[in-house]
Each structure stands twice: as structure tokens, then as C-alpha cells.
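Q:
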Amino acid sequence: MITVDIYKVLQAANGNIMLNIQLDIAKGQLVTLYGPSGSGKTSTLRMLAGLMPVDKGHISVQNQRWLCTKENINRSPQQRSIGYVFQEYALFPNMTVRGNLEFALEKRQNTDIIDELIAIVELEELQHRKPNTLSGGQQQRVALARALVRKPKILLLDEPLSALDIKMRSKLQDYIIKVHRQYELTTILVSHDIGEIMKMSDKIYCLEDGKIVKQGNPIDIFTNTRVSGKFQFTGEVIAIKKEDIVYVITVLMDQNIVKVIAQESEIIGLVIGDKVVVASKAFNPMLLKVEV
Amino acid sequence: MNIFSGHISDIQVNESLSLVSIKINEQAILQVIVVETPQTAPYLIKKNPIQVLFKETEVIITKEDIPDISIENKIKGTVNTIEKGILLSTLSMDSEIGTIVAILSTEALQKLNLEKGSVVIAMIKINEIMLAE
Amino acid sequence: MIDWEPIILTAKLALVTTTILLILSIPLAYWLATSTSKMKPIIETLVSMPLVLPPTVLGFYLLMVFSPGNTIGGWLLEYLGVQLIFSFSGLVIGSVIYSLPFMVNPIQSGLSSLPASLSEASYVLGKSRIKTLCRVLLPNIKPSLLTGIVLAFAHTIGEFGVVLMIGGNIPEKTKVVSIAIYDEVEALNYSNANTYSLLLFIITFVVLLTVYAINGGYLKRFWK
């Protein structure tokens, strides 16, 4: 549905980066662009949206050509029919929540969509407030709803949740998954949160220095190719403590904290903040029914 | 983590479980049970190179071979180094498959009266070993 | 008793000038805030020139250009029947050029301070540049717009050199307050000069106070 082959020289802090990206995304997929900062994820998204010029290449969406440098075709952002959610929300401060959504309406478009979207992201109570009186999570919900007013086919999300706390992030992820399915969107997400990627995406493209170095199913990319353990989760190391002759590693997985015993040789190079896969055999965990 | 490389020498499948035998070298074969079959895990092919992984804490140490015991994997070796802690101790042994590290209670270590050069057998249950490509 | 004519003329000049400047400065400031053209530094310099140039220099050149003896002035008189020197229209043109930086600079810096994502968000919602400017950008730089309007207005009230050069001193046509003061002093009518001066002093004080109060946030709640 979306085929991309773009080339651009990006000016970065430490010299130029040759960005060269090929994407092939099927309709209805939720794909993630993953990689260290400065690897070209956001630039790729911006070029898809038409917010950044491309040096060479083509972009086509549903057999429509959005960009073809050879034939001098280049649709403006206005003509590309996309929903774009910015990292810093980019809500219009002079308009209310509802005003932000109404601004997005096209000429003669039915206004029912406004109420529908406000209901989906549960902002009925806040719809007459100005954005700067809302929390980060609420603002990003407004931005998500606003991006969908024109019923775009493609939703582009540029690290939309990176400024939010874990609880809010998980809630927003659910909203994104909900609208992605309900409006049959093809969604491209920029993220560096492995837990988020595992939860949300069908496919992941790993970028490094402007090139795709790996692509595939997130479980394959992050875990399965490595160990056979069926009991696998990704998390973030939040504490490393030596106790007796072993190390106790505290790992935050989604909203749960777990502790893992490790040997010195296992934690070489491991620092707080690192992403890790916690794996165990399916034989080891015990199940206890929760009484409600 | 103890990691050893070997080749798959045998696979027995029943429904979604497989009992895999891995030949580490001429002397040693380790058995592993996994919730995978050759259909779900493409690496489960005879003669395929594979790695076996197990935690130090899952290694059982004995001085004498116990024939009537339900542990499938047994590897003979000699104690190389011992690092004593308060509750737990680390023991590393040279075996026919390489260095195996075990973590056991300091009390058990003293009861067994282990020291450098002692001949020991390391035992690991089939469900404690993981496979990696 | 002072003559009220120069005061009315000054107010009219300031009002007309400010209105023209506002219409002219928004597109110009928008272009300066967004353009990456190589021409930009040159235009920026030209806009800011009146800040440092003695007003008499500007007035002198305008006088030269618009004189009926000159090509442009002659053409204007011959084909449009307009004579700009020693007329109110001439004063307006001179004032517009002279007060241009006071309107353009605040608007330009206001626009530049807005995050780029604001206009980008509007573009991806399918909105044109003009609609984005009017509905998104300008409403979010109201304090800058107000600063520009007030400064341009106040500056026009206080000008002297340009007005004298291009307009001369024709009662009811080009005799503004600043020139009236000069006149009264020449005629040794110090009391009248004082009245005019005090009036200008008070107006300028009030106007500038308004700007600082708004930029300091004191009036923010009234200006939303």
C-alpha cells in the first residue's frame, strides 16, 4: 500500500548522514521505525508527510504517486491526506479542545466526526477547555483525535508518548490501537520503547545511520531468534545491586517490577536504563488463581 | 549463565513439546525439553548447531554419582575455584564440556567438604536448559 | 490658546500610517520569519535602516524622489495628478517607511518564536499557508501585534525630521504637533510649545506603558 524509496543527505551534529530508506507497508499494518536518536526516524516520517524535502526518490500510497523526483511530482503536505501526531502535541493554543478538532474539518465535511472522536478519546468533559490547561496525556489525546478528523488513510506518530509517564503511556497506547483498528488505518510509529513496540506493532524497521539494518516482526527482532524460553518480557533495568556473591537486577516491565538474580559475567556492560529481555522456561513459572 | 555450543543429535516430538538431545562433544550429550516443535521453531533440525543455556543456580553438585535419581544431565569434572559468600557461594569446575559455574548455599558447600581439585558431578534437569541459535 | 488642528492632523497621520503598516508588515514579517532566501539579509537591513539613519536623510531622499522635477515625481504628477511632496499623502508614505521597523520587528520575532510544529500541524490538516497565518499564527502572537501597533503609532506621533523635509509646514495639511512645537518656539510662544510638548509627553508615556504592561503580563487576562 505504501512504498517508499527515498534518499537524502541529512546534516547532523557529527557530520552528514546519508539517509536511504526503503519501506513496503501493507494496508492496515502498524509499523514502527526504531533506532537510536539521529538515525533518521523522524526525518523519514517528515519526508513521508511532505514536511521535509527529499533529495531523490519516490513515495507512492495506494497507487497514487506522492513523490517522484524523476518526474518532478511532489505533493504538498496539504495534499497528502495524512494524520500526523507530533511529539510536542502542537495543539493550537488559541483554540479550545473542540476548536482544535473543528479547525481540522474540511469544507462541507459532516461535523458528526468531532463528537465521535471526542467520545473515543474520552474528552467530553474537557472539550471547551484550552489546551494549556490540560495534562500532557490529555493534550496528546486531543492531538490524536485532531489528526483523525479528516479521516486520513495513514497515521504518522512521531514519538507521541515519549514525554508521558508510564501509566499515561500505556493508556495512550490503548487509544492508538483502538483508533488504528476502528478506522482501518495504516499507522507508522516512531518509537524507541521496546515494550511499546512489542505491544503495538506488526512490523518493525530498525534504523541506524539513515539505513534500515533489520526488519521484521518485533518478537523475532527483539527476542525469539535468541532464546527458546517461552516466558519472555522486555523491560528496563532500574537497579543493579551486588548482594553476597550474586547480583540482584531490578527490571521494570510495563508497570511491574521484577527482580532477577544474575552472575557477574551476565551483567558485564549492563547499566541502569538498558533494555533487557527477561527470559525463563515455560516450565518454571507458577500460576495462582486470583480470587475476586 | 552457563553457555555451551553443540549440535542437535536427536529430537523426540509429542504434540507441542520436544525433547532435544544436544551433543556438546564426543563425551557429552545434554537433553533439553522445550515447548517448541520443528514446525514452530525452524532451528530444530538434526545436526543443526545450537547453544544451550542454563543458570548457575540450577546446577546441582554431588561428589558421588547417584544412579537412581530423576536428573537426566550429569557431567563429571574437578573443582577449579570456589568463592565463598555468606549465604551463597560460587563454584567453578572444569568438566568434559568446559567450565561450569554453579551457585550453591555456603552451608551445602561446607557439608560437601569441597576444595580445589575435588572430583564432582554437575546435574541439570531437562526443563532448566534453554536453547539459543 | 493652542490650535487643535496639528493635534488632529497628528492623530490622523498616526492612524492612517499604523493601518497601512499593519497590512504591509504582516506579509513582510511572515516572509522574513520563514524565508531562507539569500535576499533576506538585504531586505532585513533595508527594513531596519530607519532605526539608525537620521530622519532628515530619509526625508531628503524622499523629497528628491517625489519632486515634480524628478523622474518619478514628474511621472506621478503627469499621469496620476498626484504631488507627494508638501501633501498629506507624502507624509503618510514617509511615515510608513520611517516606522516600518517598529511594526515589522515585533511581528517577525513573534512569528519566529512560535514552534515550527504549529504551522506544520496546520499544513498536514490540509490548511493553506494563508489560513494557517490568519487562524493559527497571528492569534498566537497577539502581544507582538499589539507591541507593533503601539510602537508604530507612538513613533509616528513623535517624528519630526521626515515630516519637515517632505511635508514642510502647511497648516491643516502637513503641520503636525512636533512641527507646531518647533513653530511656537521660533515665535517665542513658550507656553503653547509647553502645552503641545506636555501633550506628546503624556500620550507617549501612556502608550509605552501599555506596551510594557502587556508584555509583562499584567494585561494578559484582558487580552486573550
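Those protein sequence lines, which keep their order, are chains L, B and H. The working numbering applies: residue 1 is where the first sequence begins, and numbers increase by one. The working numbering applies: residue 1001 is where the second sequence begins, and numbers increase by one. The working numbering applies: residue 2001 is where the third sequence begins, and numbers increase by one. Using N, Cα and C, we set each Cβ at its ideal position, and we do this for glycine too.
Pull up the distance between the alpha-carbon of B/I1061 and that of B/E1128, whole angstroms please.
A: To locate residue 1061 of chain B, count along the second sequence from 1; it is residue 61. To locate residue 1128 of chain B, count along the second sequence from 1; it is residue 128. One C-alpha to the other measures close to 15 Å.
Q: Anything in the region 233 to 255 of chain L with a Cβ closer than 8 Å to a Cβ of chain B? List those residues in chain order, please.
A: Listed in sequence order: D244, I245 and V246.
Q: State buried or exposed for H/S2128, treating a residue as buried only when at least 16 other CB atoms are found within 10 Å of its CB.
A: As a working note, residue 2128 of chain H is residue 128 in the third sequence. Burial call: exposed.
Q: Indicate whether at least one CB of chain B lies closer than 8 Å to the CB of L/Q263.
A: As a working note, residue 263 of chain L is residue 263 in the first sequence. Closer than 8 Å to some Cβ of chain B, the Cβ of L/Q263 qualifies, so yes.
Q: Is the beta carbon of L/G210 sitting closer than 8 Å to the one on L/N20?
A: Taking the first sequence and counting its residues from 1, the one referred to as residue 210 of chain L is at position 210. Taking the first sequence and counting its residues from 1, the one referred to as residue 20 of chain L is at position 20. Yes. Within cutoff.
Q: Pull up the distance between the alpha-carbon of L/M52 and that of H/L2111, whole angstroms please.
A: Your numbering for residue 52 of chain L matches position 52 in the first sequence. Your numbering for residue 2111 of chain H matches position 111 in the third sequence. L/M52 and H/L2111: Cα-Cα distance of roughly 20 Å.
Q: Could you tell me the boundaries of the alpha helix (DSSP H) in which H/R2129 lies?
A: Against the third sequence, residue 2129 of chain H aligns to sequence position 129. That run of the alpha helix (DSSP H) goes R2129 to T2132.
Q: Using only the alpha-carbon positions, how far apart do B/T1040 and B/V1034 sit?
A: Counted from its first residue, the second sequence places residue 1040 of chain B at position 40. Counted from its first residue, the second sequence places residue 1034 of chain B at position 34. Looking at the two C-alpha atoms, the distance is approximately 11 Å.
Q: Assuming B/N1048 contacts B/I1008 (C-beta within less than 8 Å), just tell me the rounded distance between them.
A: What you label residue 1048 of chain B is simply residue 48 of the second sequence in a count that begins at 1. What you label residue 1008 of chain B is simply residue 8 of the second sequence in a count that begins at 1. Indeed they touch by this definition, with Cβ atoms about 5 Å apart.
Q: From the beta carbon of H/W2223, is the nearest beta carbon of chain L less than 8 Å away?
A: For the purposes of this step, residue 2223 of chain H is taken as residue 223 along the third sequence, with counting starting at 1. Any reading at H/W2223 is ruled out, since the residue's pLDDT is 48, under 50, leaving its predicted position unreliable.
Q: Looking at B/Q1051: is its Cβ nearer than 8 Å to the Cβ of B/L1131?
A: Start at 1 with the first residue of the second sequence, and residue 1051 of chain B comes out as number 51. Start at 1 with the first residue of the second sequence, and residue 1131 of chain B comes out as number 131. Cβ distance < 8 Å, so B/Q1051 and B/L1131 count as in contact.
Q: Name the residue from L/E243, L/N256, L/F92 and L/A239 whose alpha carbon lies nearest to the alpha carbon of L/I249.
A: Position 249 of the first sequence, counted from the first residue, corresponds to residue 249 of chain L. When each option's Cα is compared against that of L/I249, the closest is L/A239.
Q: Among all the DSSP beta bridges, which residues are the ones paired with L/Q215?
A: Reading the first sequence from its first residue, position 215 is the one you call residue 215 of chain L. Paired residues: L/Y205.
Q: Could you round the C-beta distance between L/Y84 and L/L207 to whole angstroms and report it? I think they count as a contact, below 8 Å.
A: Position 84 of the first sequence holds residue 84 of chain L. Position 207 of the first sequence holds residue 207 of chain L. At roughly 19 Å, the Cβ-Cβ gap does not stay under 8 Å, so L/Y84 and L/L207 are not in contact.
Q: Closer than 8 Å between beta carbons: that is the criterion. Which residues of the region 2119 to 2144 of chain H meet it against chain L?
A: So the close ones are E2120, A2121, S2122, Y2123, V2124, L2125, G2126, K2127, S2128, R2135, V2136, P2139 and N2140.
Q: What are the start and end residues of each continuous alpha helix (DSSP H) run of 4 or more residues lying completely inside the region 123 to 198 of chain L, in chain order?
A: Segments of the alpha helix (DSSP H) lying fully in the region 123 to 198 of chain L: 136 to 147 and 166 to 182.
Q: Which chain L residues are close to H/P2106, counting only those with a beta carbon under 8 Å from its beta carbon?
A: Numbered from its first residue, the third sequence carries residue 2106 of chain H at position 106. Near H/P2106 there are no residues of chain L at all, since even the closest Cβ is about 18 Å away, more than 8 Å.
Q: So which residues of chain L does B/E1056 contact, with C-beta pairs closer than 7 Å?
A: The sequence position of residue 1056 of chain B within the second sequence is 56, counting from 1. Near B/E1056 (Cβ distances below 7 Å), the residues of chain L are Q263.
Q: My assumption, with CB atoms under 8 Å, is that L/H180 sits in contact with L/L161. Please give the rounded CB distance.
A: Within the first sequence, the letter at position 180 stands for residue 180 of chain L. Within the first sequence, the letter at position 161 stands for residue 161 of chain L. So it is not a contact: roughly 14 Å between Cβ atoms.
Q: Compute the distance between the beta-carbons of B/V1119 and B/T1057, then report whether it is under 8 Å.
A: Sequence index remark: in the second sequence, residue 1119 of chain B carries index 119 (1-based). Sequence index remark: in the second sequence, residue 1057 of chain B carries index 57 (1-based). Taking 8 Å as the Cβ cut-off, B/V1119 and B/T1057 do not qualify as a contacting pair.
Q: Excluding the 5 residues flanking L/D158 on each side, which residues of the same chain have their C-beta closer than 7 Å to its C-beta?
A: On the first sequence, position 158 is the one that residue 158 of chain L refers to. Result list for L/D158: T42, L45, V85, F86, Q87 and V190, in chain order.
Q: State buried or exposed for H/V2176, treating a residue as buried only when at least 16 other CB atoms are found within 10 Å of its CB.
A: Looking up residue 2176 of chain H in the third sequence gives position 176. By the neighbour-count rule (16 or more Cβ atoms within 10 Å), H/V2176 is buried.
Q: Would you call H/E2159 buried or exposed, if buried means 16 or more other Cβ atoms sit within 10 Å of its Cβ?
A: Taking the third sequence and counting its residues from 1, one reaches residue 2159 of chain H at position 159. Flag for H/E2159 reads buried.
Q: Evaluate L/V9 with the Cβ neighbour count: other Cβ atoms within 10 Å of its Cβ, from every protein chain shown; 16 or more gives buried, anything less gives exposed.
A: As a position in the first sequence, residue 9 of chain L is number 9, starting the count at 1. Answer is exposed; the Cβ neighbour count stays below 16.
Q: Could you check whether L/V251 and L/E236 sit closer than 8 Å to each other, using their CB atoms as the reference points?
A: Residue 236 of chain L sits at position 236 when you count from the first residue of the first sequence. Residue 251 of chain L sits at position 251 when you count from the first residue of the first sequence. Cβ atoms of L/E236 and L/V251: closer than 8 Å.
Q: Which of the three DSSP states is assigned to H/L2198 in this structure?
A: Numbered from 1 along the third sequence, position 198 holds the residue referred to as residue 2198 of chain H. Helix at H/L2198.
Q: Tell me the DSSP secondary structure of L/N14 in three-state form.
A: Residue mapping note: residue 14 of chain L aligns to position 14 of the first sequence, counting from 1. In this structure, L/N14 counts as coil in the three-state DSSP scheme.
Q: Check the Cβ of B/N1080 against every Cβ in chain L and list those closer than 7 Å, keeping chain order.
A: Along the second sequence, read from residue 1 onward, the residue named residue 1080 of chain B stands at position 80. The contacting residues do not exist; B/N1080 stays about 15 Å from chain L at best.
Q: What first and last residue would you give for the alpha helix (DSSP H) that runs through H/V2047?
A: Working through the third sequence from its first residue, we reach residue 2047 of chain H at position 47. Looking at the DSSP string, the run of the alpha helix (DSSP H) that includes H/V2047 is K2040 to V2052.
Q: Could you tell me the boundaries of the alpha helix (DSSP H) in which H/I2157 lies?
A: Here residue 2157 of chain H is taken as the residue at index 157 of the third sequence, counted from 1. Taken as a continuous stretch (DSSP letters only), the alpha helix (DSSP H) holding H/I2157 covers K2142 to G2158.
Q: Pick helix, strand or coil for B/I1121, following the three-state DSSP scheme.
A: If you number the second sequence from 1, residue 1121 of chain B lands on position 121. The answer is strand: DSSP assigns B/I1121 an E or B state.
Q: Using C-beta distances below 8 Å, list every residue in its chain close to H/N2215, excluding the 5 sequence neighbours before and after it, in chain order.
A: Along the third sequence, read from residue 1 onward, the residue named residue 2215 of chain H stands at position 215. Once the five neighbours on either side are set aside, the close Cβ partners of H/N2215 are P2143 and T2147.
Q: So, L/E116 versus H/G2126, is the Cβ gap smaller than 8 Å?
A: Your numbering for residue 116 of chain L matches position 116 in the first sequence. Your numbering for residue 2126 of chain H matches position 126 in the third sequence. Contact: no.
Q: Is there a C-beta anywhere in chain H that falls below 8 Å from the one on L/A104?
A: The residue labelled residue 104 of chain L in the question sits at position 104 within the first sequence. With 8 Å as the cut-off, L/A104 counts as an interface residue toward chain H.
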